[in-house]
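Keeping their order, the protein sequence lines are chains A and B.
Just so it is clear: in the first sequence, position 272 is 400 by my numbering, and no numbers are missing.
Just so it is clear: in the second sequence, position 29 is 96 by my numbering, and no numbers are missing.
No residue lacks a Cβ here, since even glycine has one placed at the ideal position from N, Cα and C.
Written below as structure tokens is the structure these notes are about.
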Amino acid sequence: MTAPTWRQGWAAFTVSMLSRTVLGALALLLAASVLPALIGWQSSVVMSGSMEPTFSTGDVAVVRPVDTATLRPGAVLLVDDPDVPGQLRLHRLVEVQGDGLQLRGDANPAADSSLVQPAAVHGVVTMGLPLVGDPAVWAAERRVWPLVGTALGLAALLGLALLHHRPADEPPAGRPGTAATPTRRWWGRSASSAVRQGVVLSSAVLVTLALPGAAALFTDVSSTPSLVLPVAQWWTCGDVGASAGAANYYRLQETSGTVAANTGSAGTGMNATYSSSGVTKGVTGPNCGLNNTAAVRLDGSAGALWTTLQVVNPQTFSVQVWFNTTTTRGGKLIGFGNAADGGASSQYDRHVYLTDTGKVAFGVYNAGYYAVTSASSYNNGAWHLATATFSAGTGMRLYVDGTLVGSSTATTVAENTTGYWRIGYDSIGPNWPGVPSSEHFAGSLAQVSVYGTVLTSTQVAQAWQFAQ
Amino acid sequence: MTKLSVRRPSRRATRRGALLSAVGALVVAAALVWQSAYAGFADTTPALTASIGTGTIAVSNEVEGLGTVTLPELRPGVSYTECIIVTSTGSKPAQVKLYVKSRTATATGLTSNISFSWTAGTGGGANADCAGFVSNGVTVSSTLSSFPTTFGSGYLPWNTAGGATPESRTYQVTYSLSTSAPTSVKGASATVVFAWEAQQR
């Protein structure tokens, strides 16, 4: 059973030589990927393409331990993945920052988002071995056919490498007399020798399968623009009033008691007093911010508020009040009068009142009844903001809902009175334009304020806008 | 037999051939290794590569590139809601997570008093409008100060399949200033950049 003679020829010889060259090269690569472990180095299979073109999927990176203090940008590092515990990442060091190392995949448009701590560095890549990691990649991706194909290809290469056979009359040197042993098979070699070579080769391949894969990961980041989140200067209607310099500011958020707290600059001495009856506290108010959405409802017959600290003859002032009503009997929203403790005043002006048709009027007395009245009616059950300002220089101005609805410079002086600020009720008398049926206001009030200055149209508009 | 009719290499030639294949194997192996080593250890970072031979990971959102956007003023008790569409166009399967890329504030304690709630879902989102948005039921909430800043701890993981068809997700964000925020933050401002990062999975 000698081998056929064609296997002893030049053609078979050449094929075998070439196959052995390829197998030998593969064996060397395998050895190079595995043997460094003997001196404490590490090998890792590149599992993805983010280090293209430097490393491709299936390359084996041989990693040398390194003193992280000596690292310079440009080195390719094998590190513990900062984003996925238990995984390895193979990327290039681009910058050593104070709080970590910044890495980037050569194929990634941007650096990795997470910094790597020096302690997580396994080492610097010293050598890249192409191809040998491919089986590991296929195994990780559960791709059976390439694995099978590779196995068949290796088997074929092995077969081809053993194709050439010396003639039986030319026994290998050093092994005389073994040329024609009974173990010969059709392939013309001792079966044990072929099996031995096959086992060595396949175990080397299996070793590479066991190499840890380094995810040289692909990544992309999409960011929002720089989002600026400004915090409002004003959180409540009271803040708007404070910024305008309110001396008296009654938020009217009380739920019980007879004291309407003054949060304006005049302090608690200017606290107002609720009438003992006719006031329902804690009803729904305008949208004046956190903890400022309540109001008080006055019944139109007894409910009112007043201050108890005398004020001497204010000649420059502004008053402002949020109101909500459906009354057709009018009534005083706010005014200045000389009677204490909520009584009916004999001297009274600087007042804002509703007419029976729901129009807003602002009156100042100066040896005559000077008033401006809005063209529109506001007794529609919605929240409205009435603002009146007065000074010698600017005369009378009346705003509703932030907009000027009436003005007059016919008088530059208000009545010389010492008195109190009155809210919801005081004398109106028979002589004012559009005099209402009721001096008591029936409806809800909130966020009432008094200023020692003339509010600008901008400040008035801001007060209205805040609650919209 | 035709034994003599086939030209056969001499024993000497066989020996030389064996040597030749050993040397050849060494040369081929060395060439492969050295070539890769050369590519890997040039001490420069290659220029940005837009196209990746073996696949892409790409994520975008409809508001990126707008420069700086100033949002409406915050005050306690008021919250705002907007929607943003994020699109993945990568060819490879990826996981997308949301985190804060950068944050600053002009007042101490502000970032711990601004809260964000993010909900993932579908629909809506054009021009930040949430009309038509349908939540997928997952919402995460955090103050700005404790919002994750890395992919690893990022929020609302979204596994994309990759491929030729772009995949989109709508993110609804609601943000507010705490009702217990100190008055010292009045008039201050915070600046934040959110990022959706896609990592190959």
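Thinking just about the alpha-carbon of each residue, which of the options is nearest to the one in residue i?
i, options, result
"leucine 165/B", "Val145/B, Leu86/B and Ile151/B", "Ile151/B"
"valine 145/B", "Leu244/B, Thr206/B and Ala195/B", "Leu244/B"
"valine 260/B", "Asn226/B, Val94/B and Lys168/B", "Lys168/B"
"threonine 185/A", "Thr198/A, Trp266/A and Val224/A", "Trp266/A"
"tyrosine 553/A", "Ala268/A, His479/A, Asn508/A and Val541/A", "His479/A"
"glycine 523/A", "Ala538/A, Asp529/A, Gly530/A and Val533/A", "Ala538/A"
"methionine 179/A", "Pro210/A, Leu231/A, Thr142/A and Ser404/A", "Leu231/A"
"leucine 216/A", "Leu243/A, Pro193/A and Met175/A", "Met175/A"
"alanine 472/A", "Asp195/A, Ser172/A and Leu433/A", "Leu433/A"
"tryptophan 549/A", "Gln475/A, Gly233/A, Arg220/A and Gly534/A", "Gln475/A"
"threonine 453/A", "Leu221/A, Thr412/A and Gly509/A", "Gly509/A"
"alanine 372/A", "Pro558/A, Val411/A, Gly385/A and Thr391/A", "Thr391/A"
"tyrosine 286/B", "Leu259/A, Val359/A and Asp348/A", "Only positions 68 to 268 of chain B appear in the structure, and residue 286/B is not among them; the question remains open."
"threonine 421/A", "Tyr498/A, Lys487/A, Ser429/A and Val411/A", "Val411/A"
"asparagine 494/A", "Ser502/A, Ser519/A and Ser505/A", "Ser519/A"
"alanine 289/A", "Thr546/A, Leu151/A, Ser446/A and Pro561/A", "Leu151/A"
"serine 535/A", "Val488/A, Val207/A, Ser350/A and Tyr402/A", "Val488/A"
"valine 240/B", "Leu355/A, Gly281/A and Gly256/A", "Leu355/A"
"serine 256/B", "Thr154/B, Thr175/B, Thr123/B and Ser158/B", "Thr175/B"
Buried or exposed, going by whether 16 or more other CB atoms sit within 10 Å of the CB of residue i?
i, result
"leucine 163/A", "exposed"
"valine 576/A", "buried"
"lysine 70/B", "Unreliable positioning characterises lysine 70/B in this predicted model, as indicated by a pLDDT of 48, which lies under 50. The coordinate reading is nonetheless provided below. Classification for lysine 70/B: exposed."
"arginine 303/A", "Annotation note: pLDDT 46 at arginine 303/A (below 50); position unreliable, no value reported."
"threonine 309/A", "Residue placement at threonine 309/A is flagged as unreliable, the pLDDT there being 44, under the threshold of 50; a coordinate-derived value is accordingly withheld."
"proline 76/B", "buried"
"glutamine 596/A", "exposed"
"leucine 357/A", "buried"
"alanine 284/A", "exposed"
"alanine 468/A", "exposed"
"serine 565/A", "exposed"
"valine 90/B", "exposed"
"leucine 166/A", "exposed"
Which chain B residues sit within Cβ distance under 9 Å of residue i?
i, result
"proline 210/A", "Thr217, Phe218 and Gly219"
"glycine 417/A", "Arg142, Pro143, Gly144 and Val145"
"valine 356/A", "Thr135, Val136, Thr137, Leu138, Ser256, Ala257, Thr258 and Val259"
"serine 535/A", "Those within 9 Å of serine 535/A in chain B number zero; the least Cβ separation is about 31 Å."
"phenylalanine 141/A", "Arg75, Pro76, Ala80, Thr81 and Gly84"
"arginine 73/A", "The question about residue 73/A has no answer here: the residues shown for chain A are numbered 129 through 596."
"arginine 478/A", "Ordered by position in chain B, no residue passes the 9 Å Cβ test against arginine 478/A, which lies about 32 Å from the chain."
Using a Cβ cut-off of 8 Å, pull out every chain B residue sitting near residue i, in sequence order please.
i, result
"serine 473/A", "Per Cβ cutoff of 8 Å: no residues; serine 473/A is ~38 Å from chain B at best."
"serine 599/A", "There is simply no residue 599/A to check, as chain A begins at 129 and stops at 596 in what is shown."
"alanine 360/A", "Glu140, Leu141, Arg142, Lys253 and Gly254"
"arginine 217/A", "Under the 8 Å cutoff, chain B gives no residues; its nearest Cβ is about 10 Å from arginine 217/A."
"threonine 598/A", "Nothing about residue 598/A can be reported from this structure: the residues present for chain A run from 129 to 596 only."
Name the chain D residues whose beta carbon is nearer than 8 Å to that of residue i?
i, result
"leucine 93/B", "Considering every chain present, this structure includes no chain D. Its protein chains are A and B."
Does the beta carbon of residue i fall short of 7 Å from some heavy atom of the ligand NAP?
i, result
"asparagine 226/B", "The ligand NAP is absent from the structure shown, which contains no ligand whatsoever."
Find the residues of chain A that neighbour residue i, judging by a C-beta separation of less than 9 Å, and give them in chain order.
i, result
"asparagine 226/B", "Within 9 Å Cβ-Cβ: nothing; asparagine 226/B doesn't reach chain A, min ~14 Å."
"serine 179/B", "What serine 179/B touches in chain A: nothing, since even the nearest Cβ is about 13 Å away."
"glycine 204/B", "Within chain A, no residue comes near glycine 204/B; the closest Cβ sits about 23 Å away, beyond 9 Å."
Residue i touches chain B at which residues, Cβ-Cβ below 7 Å?
i, result
"glutamine 381/A", "In chain order: nothing, as chain B lies at least about 14 Å away."
Going along chain A in order, which residues have a C-beta closer than 8 Å to the C-beta of residue i?
i, result
"asparagine 194/B", "Near asparagine 194/B there are no residues of chain A at all, since even the closest Cβ is about 14 Å away, more than 8 Å."
"alanine 125/B", "Asp348"
"isoleucine 152/B", "Those within 8 Å of isoleucine 152/B in chain A number zero; the least Cβ separation is about 11 Å."
"glycine 176/B", "Correct list: empty, because the minimum Cβ distance to chain A is about 11 Å."
"valine 130/B", "Thr352 and Pro353"
How would you list, in chain order, the residues of chain A whose beta-carbon sits under 7 Å from the beta-carbon of residue i?
i, result
"leucine 87/B", "Met145"
"threonine 276/B", "Nothing in the structure corresponds to residue 276/B, since chain B is present only between 68 and 268."
"threonine 186/B", "Within chain A, no residue comes near threonine 186/B; the closest Cβ sits about 16 Å away, beyond 7 Å."
Checklist entry - Does the count of Cβ pairs from the region 503-518 of chain A and the region 574-593 of chain A closer than 8 Å reach three? => result Contact between the region 503-518 of chain A and the region 574-593 of chain A is established, with three or more Cβ pairs separated by less than 8 Å.
Item to check | Contacting positions in the region 238-268 of chain B - beta carbon closer than 9 Å to chain A | outcome: Tyr242, Leu244, Thr246, Ala248, Thr250, Val252, Lys253, Gly254, Ala255, Ser256, Ala257, Thr258, Val259, Val260, Phe261, Ala262, Trp263, Glu264, Ala265, Gln266, Gln267 and Arg268
Checklist entry - Taking Cβ-Cβ distances below 9 Å as the criterion, which residues of the region 132-149 of chain B are in contact with chain A? => result Gly132, Leu133, Gly134, Thr135, Val136, Thr137, Leu138, Pro139, Glu140, Leu141, Arg142, Pro143, Gly144 and Val145
Checklist entry - At a cut of 8 Å, does the region 408-421 of chain A reach the region 363-382 of chain A through at least three beta carbon pairs? => result Because the criterion of three Cβ pairs below 8 Å is met, the region 408-421 of chain A and the region 363-382 of chain A touch.
Item to check | the region 202-218 of chain A / the region 268-279 of chain A touching (three or more Cβ pairs under 8 Å) | outcome: no
Checklist entry - Touching or not, the region 454-469 of chain A and the region 562-578 of chain A, by the rule of three or more beta carbon pairs under 8 Å? => result Short answer: they touch.
Checklist entry - So, do the region 127-134 of chain B and the region 178-186 of chain B have three or more beta carbon pairs nearer to each other than 8 Å? => result Counting Cβ pairs under 8 Å, fewer than three are found: no touch.
Checklist entry - Is it a yes or a no for the region 355-375 of chain A touching the region 397-416 of chain A, going by three-plus beta-carbon pairs under 8 Å? => result yes
Checklist entry - Are at least three pairs of beta-carbons, each pair with one atom in the region 133-141 of chain B and one in the region 223-239 of chain B, less than 8 Å apart? => result no
Next on the checklist: Beta carbons nearer than 9 Å to chain B: which residues of the region 553-568 of chain A have them?
Outcome noted: Correct list: empty, as no residue qualifies.
Checklist entry - Would you call the region 237-251 of chain A and the region 251-258 of chain B touching, i.e. three or more CB-CB distances under 8 Å? => result At 8 Å Cβ cutoff, the stretches do not touch.
Checklist entry - Any residues in the region 363-377 of chain A with a beta carbon nearer than 9 Å to a beta carbon of chain B? Which ones, in chain order? => result Trp363, Thr364 and Asp367
Checklist entry - In chain order, what residues of the region 265-284 of chain A put their CB closer than 8 Å to some CB of chain B? => result Residues of the region 265-284 of chain A with a C-beta less than 8 Å from any C-beta of chain B: none at all.
Checklist entry - What are the residues of the region 169-187 of chain A that lie near chain B, defined by any Cβ-Cβ distance shorter than 8 Å? => result Ser176, Gly177, Ser178, Glu180, Pro181, Thr182, Phe183, Ser184, Thr185 and Asp187
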